[in-house]
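Sequence lines, in order, name chains A and B.
To convert, count from 1 in the first sequence and add 104; that's our numbering.
To convert, count from 1 in the second sequence and add 221; that's our numbering.
We treat Cβ as the ideally placed atom computed from N, Cα and C, and that holds for glycine.
So the structure is just underneath, and the comments pick up after that.
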Amino acid sequence: MHIAIIGNGISGITAARYIRKMSDHNITVISAETDHFFSRTALMYIYMGHMRFKDTKPYEDWFWKKNRIDLLNAYVEKVDTQNKKLVLKGSSNLSYDKLIIASGSKSNKFGWPGQDLNRVQGLYSYQDLESMEKYSEGLKRAVIVGGGLIGIEMAEMFHSRHIPVTMLVREKNFWDIVLPIDESKMINRHILEHGIDLRLETELKEIVDDGAGQAKAVTTNKNETIECQFVGLTAGVSPNIGFLEGSGIETQRGVVVNEFLETSVPDVYAIGDCSQQRNPLPGRQPVEAIWYTGKMMGETLAYNICGKKTTYDPGIWFNSAKFFDIEYQVYGTVLANPPENHVSIFWEHHSGKKSIRIIYDKNTSEILGFNLMGVRYRHEVCEKWLREKVSVETVLQNLSLANFDPEFFDEYENDVIAMYNKQSGKHLQKKKKRSWNAVFDYLNT
Amino acid sequence: MSQVNKSMSLANPAPPFRDTIQKIAATIGAVGLLFLFVAAFGGFAGNQGLMLTVSLLLMTLGTIVFSWRAYSNQPEGIKNNGIWFSSLTNKGLWAWIAGIVITGFYVFLYWFPEYLGKVEEGVNTGLIGFFDPLSQVLKGTPASEWFVYGTLYTLAILIFGFKFILKYRHNTYQILRTISVMFFQLGFAFLLPEILQRLNQPYYDFKNMWPLNYYFFFDWNIEGFLNSGNIGLFMLVWGVVMIFAISPILTYFYGKRWYCSWVCGCGGLAETAGDSFRHLSDKSLKAWKIERWLIYSVLVFAVVMTVAVLFSFFSNNPENFAITKTSFLIIVLAVMAILGGIASRYRNDLKATGKYTYQIILSIISIISILTLIAYITGSWNVFFIDSYSLRSWYGFAVGAAFSGVVGVGFYPLMGSRVWCRFGCPMAAILGIQQKLFSRFRITTNGGQCISCGNCSTFCEMGIDVRSYAQKGQNIVRASCVGCGICAAVCPRGVLRLENGSVDISQRTAELKAIHIT
């Protein structure tokens, strides 16, 4: 059986690896982006000079041949599901028995005047990185449109090269559709601390053409004009599925799949950023463009293709990111605008660069979520607490189990407990000291 | 047209990559270094004391001001911007120049000290003469090439240690670790031995263990201890206890990091002066294979050489010591039997590291036992027609000088800062085996948070592909890991943590954590 995989990102590659672990099927991974799988999330570090491209490849180049995963550098123009073949650019074809669509995302453009000019782009692909590199030469100012994860990455990238950056953020505070207000404000401050020209509640109106088809400035909804030679469009991404038009595969925002990651057409599957769950699980979005969900979908689909029927279940929500120097982790339900029964214990370090937020249900005292800035928590412990819906007081007394900061770092469990005691009038105390043995015992009971 | 509001920026948004103050600081440091070259070619004669002080002060001042400007006006955090763009840190022209200069210095140091100004009978000249005044102050004798080396080595650890602390000032683990290596270098490796010598005691670095300190069991060293009364005896016993008791116990509790990245001088230089080159270590599987063959070969070489030297020592001095040829044979056979026992106890772990690892280890143990037995019967040590004296001079030349010195430090700018520690150090090999088989230490990974970005692997000075474990959710237990903690520091998603725990030593590497997939 020949399995063709469109896309060599984390989803497609994970599927290929697991299919190979479990079977002898022929596997072809097709990509026009790069010859080998690399970590997309590390593109910023190449630009910043922390790593070379080859350092972002999780497997050495001999790996693919050794594991009999064929790599094909080609661009899929059309999918012919009737005849089970792919039409490749340059008019060659590739037939398949089963097809996995893992074509990822593309950067959003919302119809801004001038959005297709030169020197205007998002940051998603290796080619985006190459053009960012090209346009950086002699760059006097970059304007970044969008206050989200990629926007702040792009700001950090230019900042590392000492290129002045203006960030236009539609919201009142950075990423406040996701982050609670205190955390949003912390990141505002941190962006400013780095000397980024952050403009909140400001939207892009138009990108101005220099007459030669290149961006030379932007105008905002406040009727300001900002001169720049680069515009980063980082207002989110959406599924990259244009090539599926006319294929008969059902698409909405993304390729619609069921819980087994099957599309509307037999023997065609979709995973990762480009897929859309027909019935998303509670607390989950239909389209989730996240590294680990791509990985989980890839593994789940491999089981399905190799005869072990498995439903896709990414489990309890978690995520992480880094905003310049501040790390961010989230476990469970943390809402920017929580309902009345979601109560927070919020502690912030005097430096203004670390905070811990623990959310619980006011009525049942059940633990709901953790939001960490500049502090690391242990995934498995938080997940177990959330899954077992333990009470917030149990969590607080055992909070050191979750501490994942390096040795000798200040520990803040007592501060968080004190915050709760103040709010509730109780006298809770930390029960345990931080130790791996305690964590191991807890996770294995 | 709107103006960018400059007052919002605490950090200047657009400074040049190196500002004027940094350029001046670099020049000051370079002038200090230049003084050493001038002195090497005979300059400053008659004025050495003053000019040496000025030279050392200029190098210190230059480095301190440079790093202060580089890190202190930015928010604290990871500072690896542009590391692959710089000629010095990406194997460019400056890296080759630095590599050649350092390598050249070591060649002169080990084999041609007379060109550095060493005069056996009479007054030193050149670079060594330049350090005479300092040596006189510290130990009351003229400088030797080793005094010059020790001083510069210690200075490098101190000033680049300062730089490292500034760079990682948000990270308590890094700060403490660096203060520790600075302390051990200055106190234990540099000042204490010189003071001991001044007091007519043996020159001894209490933290430098056999087999890194490969001459510990040489006749002249043992005789030196034995001729120095109680202090000497204490040193001898201390050295043996370090090897057989203190180091395994500490490695059991904390992993080999207690030595390699908290105490050791080689590690100390790698972590401070070598920090800018840590990313140059080769992460390929091939490099790992070469590493295992090389480092364990050096270990076997060190053991065979030491057994041979001790055997000759005891057979040549039958009347002087309580230990006879026969009791030495028994000791060697007993130690080999214990090692064989340990290998057999952990044979499954050993087989997991390579198809024939276990067999190779047993063969080596048998060969050493047989060689000792043959030597006992024939009365003289002869391995493949090489006597113990040649063995030891070959070891001194090939490993002690060429590998640990010339290659170990000279290749920093080309192969990364831990070339010696990774490919050569027999001490690291022993501690590594202990760490792999019976230690509470491991690096844990944090559930599903890894994004495979590769920062951990890139900045691992030992060339461990940390990412290959982290992305699987597998904890990391590698013989070579020195526990520097940089992988955990550079991880943007909080995935790695250095931990010690006793409950699950035998299952440390279990692939247990594909937790989110049914």
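Determine the chain A residues that contact residue i at a beta-carbon separation under 7 Å, and present them in chain order.
i	result
tryptophan 479 of chain B	Per Cβ cutoff of 7 Å: no residues; tryptophan 479 of chain B is ~12 Å from chain A at best.
glutamate 512 of chain B	Ordered by position in chain A, no residue passes the 7 Å Cβ test against glutamate 512 of chain B, which lies about 16 Å from the chain.
leucine 751 of chain B	Outside the modelled stretch of chain B, which goes from 222 to 739, sits residue 751 of chain B, for which no answer is possible.
threonine 393 of chain B	Phe512 and Phe513
Classify residue i as helix, strand or coil using the three-state DSSP reduction.
i	result
asparagine 525 of chain A	helix
leucine 385 of chain A	coil
glutamate 349 of chain A	coil
proline 343 of chain A	strand
threonine 549 of chain A	coil
glutamate 307 of chain A	coil
aspartate 686 of chain B	coil
serine 178 of chain B	With chain B running from 222 to 739 in the structure shown, residue 178 of chain B is simply not present.
serine 230 of chain B	Residue placement at serine 230 of chain B is flagged as unreliable, the pLDDT there being 38, under the threshold of 50; a coordinate-derived value is accordingly withheld.
asparagine 541 of chain A	helix
valine 225 of chain B	Below a pLDDT of 50, predicted positions are generally treated as unreliable, and valine 225 of chain B, at 43, falls in that range; the measurement from the model is reported next regardless. DSSP places valine 225 of chain B in coil when its eight states are reduced to three.
asparagine 221 of chain B	As shown, chain B starts at 222 and ends at 739. That puts residue 221 of chain B outside it, with no answer to give.
glycine 113 of chain A	coil
phenylalanine 142 of chain A	coil
isoleucine 304 of chain B	coil
asparagine 676 of chain B	helix
Who does residue i pair with in a DSSP beta bridge?
i	result
alanine 555 of chain B	For alanine 555 of chain B, which the question treats as bridged, DSSP gives no partner whatsoever.
glycine 473 of chain A	A/Gly436 and A/Ile463
aspartate 313 of chain A	A/Ala319
valine 344 of chain B	According to DSSP, valine 344 of chain B bridges with nothing at all.
aspartate 184 of chain A	A/Lys189
tryptophan 451 of chain A	A/Ile460
alanine 374 of chain A	A/Ile205
glutamine 380 of chain A	A/Val360
tyrosine 481 of chain A	A/Asn507
leucine 373 of chain B	The partner list for leucine 373 of chain B (beta bridge, DSSP) is empty, contrary to what the question assumes.
threonine 324 of chain A	A/Leu308
glutamine 395 of chain B	In the DSSP output, where bridge partners are listed per residue, glutamine 395 of chain B has none listed.
glutamate 366 of chain A	A/Tyr373
glutamate 431 of chain A	A/Lys426
Span of the beta strand (DSSP E) holding residue i?
i	result
glycine 336 of chain A	334-337
histidine 531 of chain A	No beta strand (DSSP E) contains histidine 531 of chain A, which DSSP labels as neither H nor E.
aspartate 301 of chain A	301-303
leucine 717 of chain B	717-721
threonine 329 of chain A	329-331
phenylalanine 662 of chain B	662-666
alanine 246 of chain A	246-249
valine 133 of chain A	130-135
threonine 270 of chain A	269-272
lysine 693 of chain B	Careful: lysine 693 of chain B lies outside any beta strand (DSSP E) and carries neither H nor E.
Could you spell out the range, first to last residue, of the alpha helix (DSSP H) harbouring residue i?
i	result
methionine 401 of chain A	395-409
leucine 490 of chain B	486-493
leucine 569 of chain B	Looking at the sequence itself, residue 569 of chain B is asparagine, so the reference to leucine does not match. Looking at the DSSP string, the run of the alpha helix (DSSP H) that includes asparagine 569 of chain B is 568-574.
Going along chain B in order, which residues have a C-beta closer than 8 Å to the C-beta of residue i?
i	result
phenylalanine 347 of chain A	Result: empty, since nearest Cβ-Cβ is about 26 Å, beyond 8 Å.
What residues from chain B crowd round residue i, counting only those whose CB sits closer than 9 Å?
i	result
glutamate 241 of chain A	Those within 9 Å of glutamate 241 of chain A in chain B number zero; the least Cβ separation is about 14 Å.
arginine 482 of chain A	Thr665, Asn667, Gly668 and Arg718
So residue i contacts chain B; which residues on that side make the cut at Cβ distance below 7 Å?
i	result
serine 504 of chain A	Those within 7 Å of serine 504 of chain A in chain B number zero; the least Cβ separation is about 13 Å.
At 8 Å on the CB atoms, spell out the chain A contacts of residue i, in chain order.
i	result
glutamine 692 of chain B	Pro162
Could you run through the segment 160-178 of chain A and flag, in chain order, every residue whose CB is less than 9 Å away from some CB of chain B? Listed by position, the residues of the segment 160-178 of chain A near chain B (Cβ gap below 9 Å) are Thr160, Lys161, Pro162, Tyr163, Glu164 and Trp166.
Contact list for the segment 714-732 of chain B against chain A, Cβ threshold 7 Å: So the list reads Arg714, Gly715, Arg718, Leu719, Glu720, Asn721, Gly722, Ser723, Val724 and Asp725, given in the order they occur along the chain.
Selection of the segment 300-325 of chain A by Cβ proximity to chain B, strictly under 9 Å: If the cut-off is 9 Å between Cβ atoms, the segment 300-325 of chain A has Ile300, Asp301, Leu302, Ala321 and Thr324 near chain B.
Give the residues from the segment 666-679 of chain B that approach chain A closer than 8 Å (Cβ to any Cβ), ordered along the chain. Hits within the stretch, in order: Asn667, Gly668, Gly669, Gln670, Ile672, Ser673, Cys674, Gly675, Asn676, Ser678 and Thr679.
Members of the segment 388-409 of chain A that neighbour chain B once the beta carbon cut-off is set at 9 Å: Look at the segment 388-409 of chain A: the residues with a C-beta under 9 Å from a C-beta of chain B are Trp395, Tyr396, Lys399, Met400, Glu403, Thr404 and Tyr407.
Within 9 Å of chain A by C-beta, residues of the segment 456-486 of chain B in sequence order: Per Cβ criterion, the list is empty.
What residues from the segment 304-316 of chain B come within 7 Å of chain A, judged by C-beta to C-beta, listed N to C? Within the segment 304-316 of chain B, the qualifying residues are Ile304, Trp305 and Phe306.
Closer than 7 Å between beta carbons: that is the criterion. Which residues of the segment 266-297 of chain B meet it against chain A? Hits within the stretch, in order: Pro296 and Glu297.
Output, in sequence order along the chain, the residues in the segment 495-509 of chain B whose CB is closer than 7 Å to any CB in chain A. Shown in chain order are the members of the segment 495-509 of chain B whose Cβ falls below 7 Å from a Cβ of chain A: Ser505 and Leu506.
Which residues, in order along the segment 699-710 of chain B, keep a beta-carbon less than 8 Å from a beta-carbon of chain A? For the segment 699-710 of chain B, the set of residues with a beta-carbon nearer than 8 Å to any beta-carbon of chain A comprises Gly706, Ala709 and Ala710, in chain order.
With 7 Å as the limit, tell me which residues of the segment 147-158 of chain A have their beta carbon closer than that to any beta carbon of chain B; keep them in chain order. Residues passing the 7 Å Cβ filter: Tyr149, Met152, Gly153, His154, Met155 and Arg156.
Output needed in chain order: residues of the segment 524-542 of chain A with a Cβ under 8 Å from some Cβ in chain B. Flagged, chain order: Ser539, Trp540 and Asn541.
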